[in-house]
RNA sequence: UCCCCGGUAGCUCAAUUGGCAGAGUAGGUGGCUGUUAACCACUUGGUUGUUGGUUCGAAUCCAACCUGGGGAGCCA
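Numbering (the numbering used here), first residue to last: 3 to 433.
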């Protein structure tokens, strides 16, 4: 008899089924056990009565430790008293592997304990729901990119130098005397790919050796980076807006159950509809000053400033046109105002902060050369990158979207560390 | 790197002014005719992060170190 997944039980009413899973919880009285069985596809209540299985088996089933792997035979029945509306009347239970005392209880735990038990924490209900949502976000990205005609181009993980020359990188030994670094962005390679295939993207891990200790930072995180040839800043903002609305509506459509497990306020997600507000850096600075938050034009927006700006709106907000001094060397300057860079940051609502950063890239060889010298970067290191401006340079742009930050916002989670299966953070690399 | 907060039972926490180290939960035993974080009774469980200092007396005060959390900077 073939095994039934718990998620398929509503379609198997009054049928005999075999379930395989782990004992999640149990409540017992003298003649009945209520077993909560989970198998990754769902959780179901299984009824065991002393009359059905006999005295000995009944006592034995009452002793099975939590999280033991078991095989259970029974009949599915619709029942309003059961959580989920379906329960299984059990005829036999076989223990596949008895568990030792399970460390994670049905009570609150601190973050340190949970992170040290991440391999087991992943089994809990909310974490399963969160991984479903992460999976849905990534699939929404890939499917949308495919529908929009973009080609997936994987960027290398080992790189010979910094992409921006600013962030701290993880250094590793390459062969012989060479040094290599773990990538902090695939963008420069996507620019090369865009000149080959037009519309491209990458989606993969990226590494920052910054000693950041906040709920928004991971040492290793996943980034989605689309890049488009023959595109300007407006095209980049249009794509960012379209991708975020597609991702959110897809999660709302397919993962409502998981959002409910996480007790997410779904109405807030329904506010995420195009068009998103677009506000220039200068407008944002003026408005902050008008509200009494004094801010001098020319500085970069800090996290508290971003919170103020995003609090003005219910949906993500796009802040564009930053002072060029605070942005990377490759960002194109506004042709109408050389003090301004054609960059955009997207700030998520509800205080989740920056989830996207991007913009139009500098496509003029001489300007780029001057910028590399000004930032004291090695021209030799960027020779291949400069080649892109020598052979048919075209206006182009794109952005980077932080996958975990996006999942964190959509799922309404406190900290990005829960939004990746095995988080790597400052001083935390176990398990 | 800097600023703030914490570390007490397996886990989550309490302990008044410096005066006998305690609950809940998990584990164990027993009870209970449909439980919903089941419930009820009993019960095992301690080098109070480490080292040193002050004191008649330190979980409590002081110093250093270890370790965790939040934030700044940096960014997605």
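C-beta atoms are modelled at their ideal positions from N, C-alpha and C, and glycine is treated no differently.
Here the structure is a predicted model, which means the values were calculated and not measured.
* How far does the alpha helix (DSSP H) with residue 283 in it reach, from first residue to last? -> Position 281 of the first chain, counting from 1, holds the residue named residue 283. Bounds of the alpha helix (DSSP H) holding residue 283 are 283-292.
* Residues near residue 29 in its chain [Cβ-Cβ closer than 8 angstroms; skip 5 each side] -> As a first step, residue 29 must be located in the first chain, where it is residue number 27. Result list for residue 29: 35 and 36, in chain order.
* Go ahead and pull the three-state DSSP assignment for residue 213. => Mapped onto the first chain, residue 213 falls at position 211. Coil at residue 213, not helix or strand.
* To do: Taking residue 147 as the reference, give the member of 15, 246 and 181 with the closest Cα.
  => Numbered from 1 along the first chain, position 145 holds the residue referred to as residue 147. Closest option to residue 147, Cα to Cα, is 246.
* Asked: Residues in its own chain within less than 6 angstroms of residue 345 by CB, not counting five upstream and five downstream?
  -> Counting from 1 along the first chain, the entry for residue 345 is found at position 343. Close CB contacts of residue 345 within its chain, under the 6 angstroms cut and outside five residues either way in sequence, are with 324, 329, 333 and 361 (chain order).
* Between the segment 240-254 and the segment 267-279, are three or more C-beta pairs nearer than 8 angstroms? -> yes
* Limits of the unbroken beta strand (DSSP E) element including residue 339 -> Here residue 339 corresponds to residue number 337 of the first chain, with the count starting at 1. For residue 339, the enclosing beta strand (DSSP E) stretches over residues 339-350.
* residue 18 and residue 46: beta carbons closer than 8 angstroms? -> Within the first chain, numbered from 1, the residue matching residue 18 stands at position 16. Within the first chain, numbered from 1, the residue matching residue 46 stands at position 44. Against a cut-off of 8 angstroms, the Cβ pair of residue 46 and residue 18 comes out as no contact.
* **Completely contained beta strand (DSSP E) runs for the segment 384-429, where each covers 3 or more residues** => 398-404
* To do: Under 8 angstroms by Cβ, that's how I've got residue 444 and residue 394 pegged, so tell me the actual separation to the nearest angstrom.
  => Shown here, the chain extends from 3 to 433; a query on residue 444 therefore has no answer.
* **Selection from 234, 138 and 144 that minimises the alpha carbon distance to residue 400** => Here residue 400 refers to the residue found at position 398 when the first chain is read from its first residue. Nearest option by C-alpha distance: 234.
* To do: Please state if the CB of residue 9 and the CB of residue 424 are separated by a distance shorter than 8 angstroms.
  => Residue mapping note: residue 424 aligns to position 422 of the first chain, counting from 1. Residue mapping note: residue 9 aligns to position 7 of the first chain, counting from 1. In this structure, residue 9 does not lie closer than 8 angstroms to residue 424 by Cβ.
* Asked: Hey, residue 462 and residue 256 are a contact pair by Cβ (cut 8 angstroms); roughly how many whole angstroms apart?
  -> The chain is shown only over 3 to 433; residue 462 falls outside these bounds and no answer can be derived.
* Asked: For residue 14, which residues from the same chain have a beta carbon less than 7 angstroms from its beta carbon, with the 5 sequence-adjacent residues on both sides left out?
  -> Position 12 of the first chain, counting from 1, holds the residue named residue 14. Only 6 and 78 meet the Cβ criterion.
* Asked: Do residue 220 and residue 419 have their CB atoms nearer than 8 angstroms?
  -> What you label residue 220 is simply residue 218 of the first chain in a count that begins at 1. What you label residue 419 is simply residue 417 of the first chain in a count that begins at 1. With respect to residue 419, residue 220 sits close: the two C-beta atoms are nearer than 8 angstroms.
* DSSP state of residue 370, grouped into three classes? -> By one-based count along the first chain, residue 370 stands at place 368. Reduced to three states, the DSSP call for residue 370 is helix.
* To do: Grab me the residues of residue 1's own chain with a C-beta within less than 6 angstroms of its C-beta, minus the 5 sequence neighbours each way, in chain order.
  => Here the chain comprises residues numbered 3 to 433, so residue 1 is not present and cannot be evaluated.
* **Given residue 358 as reference, the closest of 398, 302, 402 and 369 once Cα atoms are compared** => Taking the first residue of the first chain as 1, we reach residue 358 at position 356. Of 398, 302, 402 and 369, the residue nearest in Cα terms is 402.
* What are the residues that DSSP puts in a beta bridge with residue 184? -> Taking the first chain and counting its residues from 1, one reaches residue 184 at position 182. The partner list for residue 184 (beta bridge, DSSP) reads 160.
* Cα-Cα separation between residue 263 and residue 68, rounded to whole angstroms -> One-based indexing of the first chain puts residue 263 at position 261. One-based indexing of the first chain puts residue 68 at position 66. Residue 263 and residue 68: Cα-Cα distance of roughly 21 angstroms.
* Asked: By how many angstroms is the C-alpha of residue 33 removed from the C-alpha of residue 56?
  -> Taking the first chain and counting its residues from 1, the one referred to as residue 56 is at position 54. Taking the first chain and counting its residues from 1, the one referred to as residue 33 is at position 31. One C-alpha to the other measures close to 10 angstroms.
* **Enclosing alpha helix (DSSP H) for residue 494 [first to last residue]** => Outside the shown range of the chain (3 to 433) lies residue 494, about which nothing can therefore be said.
* Rounded Cβ spacing between residue 239 and residue 320 (contact assumed at less than 8 angstroms) -> By 1-based counting over the first chain, the position of residue 239 is 237. By 1-based counting over the first chain, the position of residue 320 is 318. Right, their Cβ atoms sit about 5 angstroms apart.
* Asked: Is residue 228 buried or exposed, if buried means 16 or more other CB atoms sit within 10 Å of its CB?
  -> In the first chain, the residue the question calls residue 228 occupies position 226. So residue 228 ends up on the buried side.
* For the putative contact between residue 222 and residue 426, defined by C-beta atoms under 8 angstroms, what is the C-beta separation to the nearest angstrom? -> Here residue 222 refers to the residue found at position 220 when the first chain is read from its first residue. Here residue 426 refers to the residue found at position 424 when the first chain is read from its first residue. Yes, they are in contact, since the Cβ atoms of residue 222 and residue 426 sit about 4 angstroms apart, within 8 angstroms.
* Residue burial classification, residue 386 (beta-carbon count within 10 angstroms, cutoff 16) -> Counted from its first residue, the first chain places residue 386 at position 384. Answer is exposed; the Cβ neighbour count stays below 16.
* **Span of the beta strand (DSSP E) around residue 264** => The residue you call residue 264 lines up with position 262 of the first chain. It is not in any beta strand (DSSP E) - residue 264 carries neither H nor E in the DSSP assignment.
* Status (buried if at least 16 other CB within 10 Å, exposed otherwise) for residue 197 -> Position 195 of the first chain holds residue 197. Residue 197 comes out buried.
* Asked: Are there three or more Cβ pairs, one per stretch, closer than 8 angstroms when the segment 57-67 is compared with the segment 83-99?
  -> yes
* To do: Between the Cα of residue 310 and those of 404, 204, 326 and 295, spot the shortest distance and give me the residue it belongs to.
  => Locating residue 310 in the first chain gives position 308, where the first residue counts as 1. With distances taken between CA atoms, residue 310 lies nearest to 295 out of 404, 204, 326 and 295.
* Answer yes or no: do residue 398 and residue 230 have a C-beta to C-beta separation smaller than 8 angstroms? => Sequence index remark: in the first chain, residue 398 carries index 396 (1-based). Sequence index remark: in the first chain, residue 230 carries index 228 (1-based). Closer than 8 angstroms, so yes.
* Asked: Roughly how many angstroms separate the alpha carbons of residue 248 and residue 412, rounded to a whole number?
  -> Within the first chain, numbered from 1, the residue matching residue 248 stands at position 246. Within the first chain, numbered from 1, the residue matching residue 412 stands at position 410. Their backbone Cα atoms lie some 12 angstroms apart in a straight line.
* Asked: Unbroken beta strand (DSSP E) runs of length 3 or more, entirely within the segment 32-110: which are they?
  -> If we require 3 residues or more, the beta strand (DSSP E) runs fully inside the segment 32-110 come out as 34-40, 45-51, 71-80 and 88-99.
* Asked: How about residue 285 and residue 356: do their beta carbons lie closer than 8 angstroms?
  -> Here residue 285 refers to the residue found at position 283 of the first chain. Here residue 356 refers to the residue found at position 354 of the first chain. Cβ atoms of residue 285 and residue 356: not closer than 8 angstroms.
* Are at least three pairs of beta-carbons, each pair with one atom in the segment 151-159 and one in the segment 198-209, less than 8 angstroms apart? -> yes
* Which one of 86, 232, 22 and 210 has the shortest CA to CA distance from residue 172? -> Numbered from its first residue, the first chain carries residue 172 at position 170. Closest option to residue 172, Cα to Cα, is 210.
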